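Asker: The structure that follows is given in the form of structure tokens.
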Amino acid sequence: MDIHRTRHHPSRTPAPSGKKPPPPVPPKSRSQSVDSTPGTTRSTTPQAEGTGKRPPPPVVRKPAHLSVRLPPPLPERPAPPKLPERARIVPAVQGLTHHLNVPTYHHRQVPVLPSRPLTRPEEDDGGPYRPPPPPSRTATPSSSPQPSRFAPPRQASGDVSSDADEPEPEDANEPHGLRTTPSTPVKRALDEYPDASRAHRRAPDFVPRQYVTLHHHIHGYAVCGHRLVLAAHVVKVYDLTLGDAKPVVTWDPKTLPGEARKEVKVTSVSFRALSDGMEQGRYVWCGLSTGFLVELDTFSGEPTQFRATHSAAVTHIFRSNHHMLSLDETGKLHVFTCGTADEMTPSRTIRTSERPTFVRMLGDRLWTASGPATRSTTNPALRGPTIRVYEPLGIGTTSGGRTTCTSEWTGAVTSLAVLSTDPTRVYLAHEGGYISLFHRDTLVCEAVLKVSSSDVLALEGVGERLWAGYRTGTVCVYEVGAVPWVTVNMWMAHPGGAEASCRDVPIQQILVDKLSVEETGRFAVWTWARDKLHAWDGLLSADWIETRLEDREAEYSSHSHINVLICSWNIDSCKPSDLQGPPENTKFLEECIGGAEKPEIIIFGFQEVIDLNDRKLAAKTMLFGRKDKHDGRGSAGSVSPAYARWRDKLAVAVRQYTGLSYVMLDHESLVGLMTVVFVKNEYKGRVTDASITTVKRGMGGTYGNKGAIVARCVIDDSSVCFVNVHLAAGQTQRVARNADLAAIFEDKSVLPVSLSPFAFINGGDGTRILDHETIFLNGDLNYRIDQRRENVIASIEAGDLAYLLEHDQLRKEMQNNSSFRLRTFKEAPIHFAPTYKYMSNSRDFDQSAKKRIPAWCDRVLWKTRTESYVECVDYKRYEPMVSDHRPISARFNITVKSIAPEQYAEVRQQVADDWFKQEGALIDSIMTSLDEQ
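Take the sequence shown: its position 819, counted from the start at 1, is 896 in our numbering, and no numbers get skipped.
Below, the structure is given as structure tokens:
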């Protein structure tokens, strides 16, 4: 039965006899629905009376998370029973569920991203697209809950098909599909990964290297000048001037009276605070698991005084000016004054929180932290660890302390640091890759930054830089003057072994050794990781020298220019024989390769050479596609002959359309990806260290349907890297594409070590992509246009490409996302229509059921150390119709250097002399700031 014909409509149905007719229904106000173009609305008005037609159901506003159209009103029903206050729901939603019997959800406001104006590409002057730097922001403390910090979970590029279902964005005019209105306050999470694009990757070792190998688990250590004290079941004292040698002193706590038969171990250690006539670094205080405090002479190895001051294990010992402080596992803190008649009698005792997860003495204050290590799902208001600050040296202080917390959720606190350039700001390291910033006096959390996906376990301020140690064994040095921070140096400080259980050696602590300058003339920073202590150059002198050498490159180098052509095409598994028929097909390779100027290097980067929907072929590739141990070539060609057919076709085309002799320098394939590199025969002698490899990204990094082929070579004394990628497909898979790029460019070795000493930058050896002076990235990046399909096609037909480029996902990521791996790359102005997605053998865009939105999926970008060394002279697309993508090419003039060894050695010596003059002033400045802390 049609419900619309049986319901009574009060505006036209007479009332039953004997009853007063109901009052007329007032006319409905016109409701507006948002069109895809800002500023336009679509009105819906009820049908006028007397037309003989029933008006359409009214369009009502509804919450953003519900998408239901209300039917006409039903006859009146008895009022539902009054619910308790706790069980009430929003009236509008209550009525909706009353009629339609759908579940009710408590609406939570979705955090929005800023709606800032986008910078149009520099098309008037022909310059490349350069995303502006991210704006600086000042975080202010707020008691209101912050928007969620976490982005949607990263999705692995595991799709085997050439594309995924692509629903159109809910609001194509807003970034990332989130809605904003002018009245909505704009908030952004401080998710600012540091800029590591220019980070040095050479470990700042001393010469000779200083390290100590530990052959047992230790509970604590202390360094003072050349003396190192390790605490375990016994205390061992090392002389660091002797290198990795045996301990000079060993002391067993069981030698104390009454301790021989107990299970006793040393649980904490700290060098004693100085008093009159005391030699620095000679005496050390040790805390025992039985509650004893022992003062040990590190010269003789004999205890000078001891006392049972605690009833539980002593977990921490600190020194502050002329005071010593000891904390046990119950939270009892004793304060001792050195130089008094009875030093081991507490002058003050206070109670702190029991079993805190973090304790650190900063100046005359004790910072502690405790709380949940994981985010609460039952109490969203719980922001993470609770931070308490005590003043144990203050007069009259017996208990309590001030409590604070981070402004956003973070993991557990692991470390603390202060910089000499800003002693009023305290940096707290957290699990989960967060660092929070607190004002030292007010204890207000000023900001929370996401700096890594790995836990930050150690933090230390060295001058104006912040050193951070990670669970992965990596140490990063940051410049923190602006947001995002700048990574100055990063290296694997404590690499494990080849075994799986030894790969990750977490950095447990970073320590600045002030006395090392007086005794050795070196400013040492120590890192402790499981079974080794390692000393590093705290001034990063090698980085300073290398940076100055780059600035003076013209004094010891000569330069020349070469022409490079890069062609990128997703060929949709077509064959070389398919390039026939219309001139657009047959003339493609001639138009791309030919021309008056013949390039010295030609790179073809193809995607989907094989059919990714062919499950049988995909299974063969998984089972039989492996690396050859001799030449590094993939055997995917043995799985499918498509790669060999295209290589032969390209070799013939290069020879035919250039009229010159080229040699195939390198080639590689990876489940649809294929890279072929050609070099002019006369330039072959100038090209060395050629190497090529693959990076898989499909199915969590185990399958190569998505990923990259990385090729590198050294031309004279300049390194060039070519990266051919195929990223995650789908209109809404922006986060997955970002994750693919992060995995491809992450700081791990993918190429063999190069033998060219001057070709690479940032202390690299050529094993990482970012070690190279110039990087070219091409491929099917799969970034889409955040607009509705009809708007995109209308703009293409009108030639309004600038409007579409404002909504291009790739350019928006480069502009707005400071953690985006391509943020520092450049792209030439785009003057051609989107290259995706066409019907095969047609000039029409996709007409299938999915109705995919056209986009510039195929791109060529570049990054170089010196901006003037790369010039893009041509960036265009071609029109073969055999694929659903259109191919593109980019032609570059690049500058390469050739170094004169004699001049280089002379300039390097001058730079080293300049460093020697500045080193003393830097050390004095850092030492003064450390004394003031």
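For glycine and all other residues, C-beta sits at the position ideal for the given N, C-alpha and C.
None of the values given here were measured: they were computed from a predicted structure.
Among the residues of its own chain, which have a CB less than 6 Å from the CB of I394, if the five just before and after it don't count?
Answerer: Cβ neighbours of I394 beyond the five flanking positions: S345, S347, W362, G364 and S403.
Asker: Closest to D620 by C-alpha separation, out of T912, E983, A276 and I976, would be which residue?
Answerer: Checked all of T912, E983, A276 and I976; the closest Cα to D620 is A276.
Asker: Report buried or exposed for V137, applying the criterion of at least 16 other Cβ atoms within 10 angstroms of its Cβ.
Answerer: Interpretation of V137 is limited by its pLDDT of 43, a score under 50 that renders its predicted location unreliable; no figure is taken from the coordinates.
Asker: Throw me the rounded Cβ distance for the V641 and F969 pair, which I believe falls under 8 Å.
Answerer: With 8 Å as the limit, V641 and F969 qualify as a contact, their Cβ atoms being about 5 Å apart.
Asker: Spatial neighbours of V830 within its chain, please: CB distance less than 8 Å, with the 5 preceding and 5 following residues excluded, ordered by chain position.
Answerer: Cβ within range, chain order: D842, G843 and T844.
Asker: In angstroms with no decimal places, state the Cα-to-Cα distance between A998 and R279.
Answerer: Answer to the nearest angstrom: the Cα atoms are 24 Å apart.
Asker: Tell me whether the region 956-974 and the region 609-623 touch, counting them as touching only if at least three CB pairs, one residue from each stretch, are closer than 8 Å.
Answerer: At 8 Å Cβ cutoff, the stretches do not touch.
Asker: Please specify which runs of the alpha helix (DSSP H), each continuous and at least 4 residues long, are wholly inside the region 869-941, giving them in chain order.
Answerer: Correct list: 878-883 and 886-893.
Asker: Smallest Cα separation from H962: which of F853, L854, R865 and I648?
Answerer: Nearest C-alpha to H962: I648.
Asker: Does DSSP classify S618 as helix, strand or coil?
Answerer: Helix at S618.
Asker: Please confirm whether P469 and A489 have their CB atoms less than 8 Å apart.
Answerer: No. Outside cutoff.
Asker: When you compare the CB positions of D793 and I769, do they come within less than 8 Å of one another, or not?
Answerer: Against a cut-off of 8 Å, the Cβ pair of I769 and D793 comes out as no contact.
Asker: Give me the Cα-Cα distance between P380 and E356, rounded to the nearest whole angstrom.
Answerer: Using only the alpha carbons, I get a separation of about 16 Å.
Asker: Should E874 be labelled buried (16 or more other beta-carbon atoms within 10 Å of its own) or exposed?
Answerer: With fewer than 16 other Cβ atoms within 10 Å, it is exposed.
Asker: Hey, would you say D857 sits closer than 8 Å to H908, going by beta carbons?
Answerer: No. Outside cutoff.
Asker: Taking the straight line between their C-alpha atoms, what separation do you get for R442 and V466?
Answerer: Straight-line Cα distance between these residues: approximately 7 Å.
Asker: Which of the three DSSP states, helix, strand or coil, is assigned to T551?
Answerer: In this structure, T551 counts as strand in the three-state DSSP scheme.
Asker: Give the straight-line distance between the Cα atoms of S654 and D688, rounded to the nearest whole angstrom.
Answerer: Going from the Cα of S654 to the Cα of D688 covers about 16 Å.
Asker: Going by alpha carbons, who is nearest to P911 out of N893, P931 and L899?
Answerer: The candidate whose alpha carbon is nearest that of P911 is P931.
Asker: Going by the CB atoms, is the gap between T327 and V306 shorter than 8 Å?
Answerer: Taking 8 Å as the Cβ cut-off, V306 and T327 do not qualify as a contacting pair.
Asker: For S634 and L626, I'd like the C-alpha separation in whole angstroms.
Answerer: Between S634 and L626, the C-alpha separation is close to 11 Å.
Asker: What is the rounded straight-line gap between the Cα of D511 and the Cα of D532?
Answerer: Note on residue identity: the sequence assigns Tyr, not Asp, to residue 511. So the two alpha carbons sit approximately 8 Å from each other.
Asker: Here's the rule: buried if 16 or more other CB atoms are within 10 angstroms of the residue's CB, otherwise exposed. What is L534?
Answerer: It counts as buried.
Asker: Spatial neighbours of Y288 within its chain, please: C-beta separation below 8 Å, excluding the five flanking residues on both sides.
Answerer: Within the same chain, Y288 has close Cβ partners D321, K609, L610, H611 and A612.
Asker: For the region 799-860, which segments carrying the alpha helix (DSSP H) assignment without a break, of at least 4 residues, lie completely within its bounds, in sequence order?
Answerer: Qualifying alpha helix (DSSP H) stretches, in chain order: 811-822.
Asker: For K757 versus Y739, is the C-beta distance shorter than 8 Å?
Answerer: Against a cut-off of 8 Å, the Cβ pair of Y739 and K757 comes out as a contact.
Asker: Identify the residues that DSSP records as bridge partners of S345: which are they?
Answerer: Paired residue(s): G364.
Asker: In this structure, what does DSSP give as the bridge partners for N54?
Answerer: The question about residue 54 has no answer here: the residues shown for the chain are numbered 78 through 1010.
Asker: Residues in the same chain with beta-carbon distance under 7 Å from V753, minus the five sequence neighbours each way, listed in chain order, please.
Answerer: These residues qualify, in order along the chain: F681, R724, L727, M741 and H744.
Asker: Can you give me the C-alpha to C-alpha distance between S637 and S795, rounded to a whole angstrom?
Answerer: Their Cα atoms are separated by approximately 11 Å.
Asker: Tell me which residue opens and which closes the beta strand (DSSP E) that D272 is part of.
Answerer: First-last for D272: undefined, no H or E at that position.
Asker: Find the nearest neighbour of E523 within the set S530, A494 and S484, judged by alpha-carbon distance.
Answerer: Selected option, being the one with the closest Cα: S484.
Asker: For M741, list the residues DSSP reports as bridge partners.
Answerer: Paired residues: F755.
Asker: Indicate whether V436 and T375 have their beta-carbon atoms separated by less than 8 Å.
Answerer: Against a cut-off of 8 Å, the Cβ pair of T375 and V436 comes out as no contact.
Asker: So, using beta-carbon positions, are D405 and G368 closer together than 8 Å?
Answerer: Their beta carbons are under 8 Å apart, which means D405 touches G368 by this criterion.
Asker: On the DSSP bridge list, what partners appear for L307?
Answerer: Beta-bridge pairing links L307 to Y298 and K313.
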